[in-house]
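Residue numbers (the working numbering): 3 to 248. What follows is one structure encoded as structure tokens, with my remarks underneath.
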């Protein structure tokens, strides 16, 4: 049996209000992500925020890094003071995730991000985000915070020809949308590969390589009913396998 590729999954923190003892904090990752990675033959490994640990302590434990969705990123980490629209930022976790991203990026290992993942990836590499689309980006007229069930697509994105995303999705994709922040200034070394009709950035990847890719929507909620979303995960696994063989 061939050795499984290992995917580092950045954990989020869940407060267990109904467990005994109550109000324990537990690291977790979304089950849909674990399921699809497992189905594709990978071994997901949860990376919790351990006191005193750095990104370099984790980089040898996995072949690639997956950045899931989550809460807002602390704006002070991209040189801004938070407005009242920012909610739930966790400075300590944000610093840990940024350190992880930089360690994997410098090691040349593949990275894939979704929702918050695209934002914190961009910030880690020197970019910025809109703290709130409605307040800071008047041209964003599409509803990016859907009220519908999370797996339902609600708006289209246009995909750049010749990109990694285009290979998986084609010219356009119909996506779900649960975010009030989005990329503003794109980090050096990254290129925009998908946009909503209102100009909001929906996808990025590495310029000149296939190391990094990320999307603003939640394909982990859609892959069961939308083959093109499954293709995004298949493409990620293929990138990791290619990287491991180098």
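Note that CB positions come from ideal geometry on N, CA and C, so glycine has one too.
| Item | Value |
| --- | --- |
| Proximal residues to residue 85 (C-beta, below 6 Å), its chain only, five neighbours per side dropped | 133 |
| Bridge-paired residues (DSSP) for residue 160 | 174 and 197 |
| Within the stretch 37-106, ranges of the beta strand (DSSP E) (whole runs, at least 3 residues) | 45-49 and 66-69 |
| Inter-residue Cα distance where the pair is residue 35 and residue 164 | 26 Å |
| Helix, strand or coil at residue 209 according to DSSP, with G and I counted as helix | coil |
| CB contact flag (residue 159, residue 196, <7 Å) | yes |
| Residue environment, residue 118, which counts as buried when at least 16 other CB atoms sit within 10 Å | buried |
| Short Cβ contact (7 Å threshold) for residue 2 with residue 10 | Past the edges of the chain, shown from 3 to 248, lies residue 2, and the structure says nothing about it. |
| Segment limits, beta strand (DSSP E) that includes residue 119 | Per DSSP, residue 119 belongs to no beta strand (DSSP E); it is in the alpha helix (DSSP H), 118-126. |
| Rounded straight-line distance, which links the Cα of residue 174 to that of residue 219 | 14 Å |
| Cross-strand partners of residue 185 (DSSP beta bridge) | 131 |
| Residue burial classification, residue 3 (beta-carbon count within 10 angstroms, cutoff 16) | Because residue 3 sits at a pLDDT of 45, beneath the cut-off of 50, its placement in the model cannot be relied upon, and the following sentence gives the value as read from the coordinates. Flag for residue 3 reads exposed. |
| Beta bridge counterpart(s) of residue 147 as assigned by DSSP | 180 |
| Residue 233 - containing alpha helix (DSSP H), residue span | 229-247 |
| Proximity winner among 122, 234 and 141, relative to residue 74 (alpha-carbon distances) | 122 |
| Neighbour-count burial assignment, residue 216, 16 or more Cβ in a 10 Å radius | buried |
| Whether residue 193 touches residue 209 by CB criterion (7 Å) | yes |
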